[in-house]
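Working notes, structure below.
Protein chains: 2
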Amino acid sequence: MLNAADTSFAEQLEKAGIATRPVTEPYVEELRGNYRGLSEVVALPVSTQEVAQVVRLCSQARVGLIPFGGGTGLVAGQVAPAGPAPLILSLERMSEIRAVHAEENSLIAEAGATLADIQSAAEEANRLFPLSYASQGSARIGGALSVNSGGLNVLRYGTARDLCLGIEAVLPNGDILHGLKRLRKDNTGYDLRNLLIGSEGTLGVITAAALKLFPRPAHVATAFIAVPDPSAALQMLSLFRGHIGDNVSAFELISAQAFAFLRTTHPDLRLPFDRDPAWCVLIEVGTGPSTDAETALAETFEKAVTSGLATDARLAQSGQQRAEFWAVRETIPEANRKIGAIASHDIALPLGEVPAFLAEADDTLPALFPMRINAFGHLGDGNLHYNIFPPEGESREAYRDKAPLVTRHIHDLAMARGGTFSAEHGVGRAKIADLERYGDPAKLSAMRTIKQALDPLGIMNPGALFRD
Amino acid sequence: MLNAADTSFAEQLEKAGIATRPVTEPYVEELRGNYRGLSEVVALPVSTQEVAQVVRLCSQARVGLIPFGGGTGLVAGQVAPAGPAPLILSLERMSEIRAVHAEENSLIAEAGATLADIQSAAEEANRLFPLSYASQGSARIGGALSVNSGGLNVLRYGTARDLCLGIEAVLPNGDILHGLKRLRKDNTGYDLRNLLIGSEGTLGVITAAALKLFPRPAHVATAFIAVPDPSAALQMLSLFRGHIGDNVSAFELISAQAFAFLRTTHPDLRLPFDRDPAWCVLIEVGTGPSTDAETALAETFEKAVTSGLATDARLAQSGQQRAEFWAVRETIPEANRKIGAIASHDIALPLGEVPAFLAEADDTLPALFPMRINAFGHLGDGNLHYNIFPPEGESREAYRDKAPLVTRHIHDLAMARGGTFSAEHGVGRAKIADLERYGDPAKLSAMRTIKQALDPLGIMNPGALFRD
Chain V
-9 MLNAADTSFA EQLEKAGIAT RPVTEPYVEE LRGNYRGLSE VVALPVSTQE VAQVVRLCSQ
51 ARVGLIPFGG GTGLVAGQVA PAGPAPLILS LERMSEIRAV HAEENSLIAE AGATLADIQS
111 AAEEANRLFP LSYASQGSAR IGGALSVNSG GLNVLRYGTA RDLCLGIEAV LPNGDILHGL
171 KRLRKDNTGY DLRNLLIGSE GTLGVITAAA LKLFPRPAHV ATAFIAVPDP SAALQMLSLF
231 RGHIGDNVSA FELISAQAFA FLRTTHPDLR LPFDRDPAWC VLIEVGTGPS TDAETALAET
291 FEKAVTSGLA TDARLAQSGQ QRAEFWAVRE TIPEANRKIG AIASHDIALP LGEVPAFLAE
351 ADDTLPALFP MRINAFGHLG DGNLHYNIFP PEGESREAYR DKAPLVTRHI HDLAMARGGT
411 FSAEHGVGRA KIADLERYGD PAKLSAMRTI KQALDPLGIM NPGALFRD
Chain D
-9 MLNAADTSFA EQLEKAGIAT RPVTEPYVEE LRGNYRGLSE VVALPVSTQE VAQVVRLCSQ
51 ARVGLIPFGG GTGLVAGQVA PAGPAPLILS LERMSEIRAV HAEENSLIAE AGATLADIQS
111 AAEEANRLFP LSYASQGSAR IGGALSVNSG GLNVLRYGTA RDLCLGIEAV LPNGDILHGL
171 KRLRKDNTGY DLRNLLIGSE GTLGVITAAA LKLFPRPAHV ATAFIAVPDP SAALQMLSLF
231 RGHIGDNVSA FELISAQAFA FLRTTHPDLR LPFDRDPAWC VLIEVGTGPS TDAETALAET
291 FEKAVTSGLA TDARLAQSGQ QRAEFWAVRE TIPEANRKIG AIASHDIALP LGEVPAFLAE
351 ADDTLPALFP MRINAFGHLG DGNLHYNIFP PEGESREAYR DKAPLVTRHI HDLAMARGGT
411 FSAEHGVGRA KIADLERYGD PAKLSAMRTI KQALDPLGIM NPGALFRD
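Next comes the structure, spelled out in structure tokens:
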């Protein structure tokens, strides 16, 4: 059993030279308002050595800790609503870009650097750091790695995991793992980097990362393309990839329901179509200097129209219009919060299974209760945010008890088709029951064995991934 | 202490319905002739269930086992020259391509499928499986994943790890890990896939893998380009990537010494230049339908000449000539074996450190003893096979005792520049001392903890990665 991180523990930390502060809202309030943490104390180390010292002190005092990034996680990995209050170990004061190696396409960032900070540092070196999503101004790279977050450019550049060459981390015993290699190849023993990435702070605290950069595309073209249905959208993706290879960097699905929500919650937002299509795709193409992105996009769109895969399009005519197009996509989560979802899902499917899943869900869900469905997201990755809302004019409160039912139904359908109940958000505390229900027993057992071996006291993010 | 897999254990396996056979040369003879295994019995399971049964029987009898692929490993991961003879668990009878999902760019292969088998299956579906190296006709995907092998196309497509979406494996306790997901995103707990990949058979037996496929490039151009020195080669790589993005799929460094060896050992091989340049690069560019690869290559080459980064080139004029160019590159390891290396090294460096490393090695190595150096390999990945040979007319036997000295020197230089002593071959039994010397102590300690937790009896590839 762990002890709470109380004021007397805070005094111990202060005595050891570690800055602390009492928690304020952002440290204990989950973004969607579904969880509230019990933590009282925030530790604010300024160096990897200080992080190691905090971990050792927690270990000695049998106090749990939550490695804390930007607090933007969506599965309650960063808030402990039960159990002895863990220490919040915030990386916010470790936010330096330690080095930029433009010629090697890499940089070294501390865990507290925000995605936006890293994007800017890359841009200054005329490079691209492609990890990008709505919360990039506050999401920190340590947290992004700890859940292996994805976002808008995974199709071309991969998830946080794929963008990481090496990490520095503090292990549960206080050891510092020195793994900031800038190597593309290094086969020297177990892959602890990838074990820590995605472990949601339960095996250690990532303190810095060596990250991949990419050449900035010379030409970018962005368009909304209306499609008859998701199946046509996927065939169109194939068409695009056949013609312009891996230059397709984003392929986002948006439905008429999403546009309807945006028209309600954000009436000033400029939407692409006067009459919202049932389904459309936001596509972005980025090319090198020798290929004109707009021409490539327009030509392939024409082929899609001829094949009956597309019906209409709006091509961004300027950088400003491209930003407006992306604002539409990135405002969807906020609109959803304002409307108030009964249940949100972060599912992924093998690409070929997406259309059948959507049809099956459409056919079977309304039998549960009347609802509105907003399915949107990263179609190119097979990753949909499949969210359920009350009928117009009703509040989600009236349906709160139905959330588990609908979630079970959606996850069952996705899993039966070889999918997953968590594509890019992680498990945290919110999806432990799903992990137990759907997880491979051999995997769960090996996970417990590894957790027990590396963190025998259970101080690292107690209550996340595993039931207390 | 483990027991040997002797004839009486073979009888036990047979009784349980598992086919066995006495070992023959290929199972105990390492390719370069530096190691000879003691094993006596080969088990030949035909299904994942049979693999699990073999593992359980080994566990009950305290018998070690070596998961065995094509036997092409270069670090003695597959041969046990000491200790109680382990069972050879060969995956050769599990070589099916279980499914091809062309529209999703993925396929499922059993561990015993060779890289060439998988390449063919991909090609039949008009797709590319890019993992490729000289031994691809015999190397099996299970072994390739277990060492996270690399090869010729890593620059564009990544290593074996990067090409794997999911694995099925048998864990040391006999549990079957069902992880053959065809998902691009799946954040549901610890990344056991990547833990097993690169663990060299010490944490389990990979029995099948879900692998990524890619569109086949519509146009391919291949050229030898002579460069003044490795630094110019790297600048030229930057130039190419700036102009044609990630369409550069291979960027191999070859020196005059490599050509000289080839002229001696393979006098009938057609070499690209009449007078071998001091350094040259074999570059391959693959593009989509809308870009002409030859033009892109030729235009960028002209820019390189203007900038003083290249001096001469031979562009392959046909598919046959392209094959001849690659034969030159792929014959280098065989030529090296015929000449007889004193010591071979598989180092990698941050790209920016490669030229300084080469200069420093050139400056300091000759003080050890007279030698010839053949440094070649995957320059685009910072990965060099840096091999040391006796002076002309002398045999490597006379220098055998100097091998540790020169290896230490080369690894010291590489590590001091943030490099690695094993880029793509792994650690096996050959590089355990290097791992102990250069490995991060926190990493080594965590590795031991994980090994002990998941394989408490130590039956999985005993003697590999860890000293017995």
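Order-wise, the sequence lines are chains V and D. In case it helps, the numbering used here puts the first sequence at residues -9 to 458. In case it helps, the numbering used here puts the second sequence at residues -9 to 458. Don't be surprised by glycine CBs; every beta carbon is placed ideally from N, CA and C.
Taking residue i as the reference, which of the options has the closest Cα?
{"i": "V/A150", "options": "V/D176, V/I108 and V/E114", "result": "V/I108"}
{"i": "D/M437", "options": "D/I449, D/P257, D/L455 and D/G140", "result": "D/L455"}
{"i": "D/Q247", "options": "D/T290, D/R130, D/P323 and D/S122", "result": "D/P323"}
{"i": "D/D430", "options": "D/N451, D/A413, D/M405 and D/E414", "result": "D/M405"}
{"i": "D/N326", "options": "D/N364, D/L105 and D/Q311", "result": "D/N364"}
{"i": "D/A89", "options": "D/A75, D/V271, D/A66 and D/K171", "result": "D/K171"}
{"i": "D/H233", "options": "D/P220, D/F249, D/F291 and D/P218", "result": "D/F291"}
{"i": "V/A134", "options": "V/P71, V/H91 and V/G59", "result": "V/G59"}
{"i": "V/A101", "options": "V/Y123, V/T(-3) and V/T38", "result": "V/T38"}
{"i": "D/L447", "options": "D/G54, D/D(-4), D/Q307 and D/D302", "result": "D/G54"}
{"i": "V/L77", "options": "V/I131, V/E20, V/D(-4) and V/A92", "result": "V/D(-4)"}
{"i": "V/T255", "options": "V/E20, V/V36, V/R52 and V/E382", "result": "V/E382"}
Rounded to whole angstroms, what is the Cα-Cα separation between residue i and residue j?
{"i": "V/V137", "j": "V/G453", "result": "15 Å"}
{"i": "V/N116", "j": "D/L153", "result": "28 Å"}
{"i": "V/E414", "j": "V/H368", "result": "10 Å"}
{"i": "D/D236", "j": "V/P356", "result": "46 Å"}
{"i": "V/G309", "j": "D/S139", "result": "42 Å"}
{"i": "D/L201", "j": "V/E30", "result": "46 Å"}
{"i": "V/N(-7)", "j": "V/P74", "result": "6 Å"}
{"i": "D/R398", "j": "D/R427", "result": "10 Å"}
{"i": "D/A42", "j": "D/E158", "result": "11 Å"}
{"i": "V/A346", "j": "D/V210", "result": "37 Å"}
{"i": "V/P387", "j": "V/L259", "result": "The displayed chain sequence assigns Glu, not Pro, to residue 387 of chain V. Answer to the nearest angstrom: the Cα atoms are 27 Å apart."}
{"i": "V/E289", "j": "V/G330", "result": "40 Å"}
{"i": "D/I215", "j": "V/G194", "result": "47 Å"}
{"i": "D/A349", "j": "V/S189", "result": "41 Å"}
Can you determine whether any heavy atom of the ligand COA sits closer than 8 Å to the C-beta of residue i, and answer yes or no?
{"i": "V/D352", "result": "The ligand COA is absent from the structure shown, which contains no ligand whatsoever."}
Taking Cβ to Cβ, would you say residue i is nearer than 9 Å to residue j?
{"i": "D/V44", "j": "D/R11", "result": "no"}
{"i": "V/S334", "j": "V/I378", "result": "yes"}
{"i": "V/V318", "j": "V/L374", "result": "no"}
{"i": "V/L47", "j": "V/Q2", "result": "yes"}
{"i": "V/L358", "j": "V/V396", "result": "yes"}
{"i": "D/M450", "j": "D/G191", "result": "yes"}
{"i": "V/F119", "j": "V/L142", "result": "no"}
{"i": "D/A99", "j": "D/A199", "result": "yes"}
{"i": "V/A393", "j": "V/I332", "result": "yes"}
{"i": "D/A112", "j": "D/L203", "result": "yes"}
{"i": "V/R407", "j": "V/P340", "result": "yes"}
What residue does the alpha helix (DSSP H) around residue i start on, and which one ends it?
{"i": "D/I400", "result": "A393 to A406"}
{"i": "D/L105", "result": "L105 to E114"}
{"i": "V/H424", "result": "Position check: residue 424 of chain V holds Asp in this sequence, whereas His was assumed. It spans I422 to Y428 - the alpha helix (DSSP H) in which V/D424 sits, taken as one unbroken run."}
{"i": "V/R46", "result": "T38 to A51"}
{"i": "V/L455", "result": "Note, V/L455: premise wrong, no alpha helix (DSSP H); not H, not E."}
{"i": "D/L252", "result": "A246 to T255"}
{"i": "V/V271", "result": "Where V/V271 is concerned, there is no enclosing alpha helix (DSSP H), although the beta strand (DSSP E) it sits in stretches over W269 to T277."}
{"i": "D/A436", "result": "P431 to L444"}
Taking residue i as part of the beta strand (DSSP E), name the residues at either end of that continuous run.
{"i": "V/P12", "result": "T10 to P12"}
{"i": "V/P57", "result": "L55 to F58"}
{"i": "D/E86", "result": "Note, D/E86: premise wrong, no beta strand (DSSP E); not H, not E."}
{"i": "V/S96", "result": "S96 to E100"}
{"i": "D/I304", "result": "Residue 304 of chain D is actually Arg in this sequence, not Ile. Residues D302 to L305."}
{"i": "V/L259", "result": "No beta strand (DSSP E) holds V/L259; DSSP gives it neither H nor E."}
{"i": "D/T410", "result": "No beta strand (DSSP E) holds D/T410; DSSP gives it neither H nor E."}
(request) Ignoring anything shorter than 4 residues or poking outside the segment 118 to 187 of chain D, list the alpha helix (DSSP H) runs there in chain order. (result) 131 to 137, 144 to 147 and 182 to 186
(message) Extract the residue ranges of the beta strand (DSSP E) inside the segment 311 to 372 of chain D, only unbroken runs of 3 or more that lie entirely within it.
(response) 336 to 338 and 362 to 368
(request) Taking a Cβ distance cut-off of 9 Å, strictly less, list which residues of the segment 407 to 439 of chain V are near chain A, in chain order. (result) No chain A is part of this structure, whose protein chains are labelled V and D.
(message) Report the start-end ranges of each beta strand (DSSP E) in the segment 205 to 241 of chain D that is 3 residues or longer and not cut off at the edges.
(response) 209 to 217
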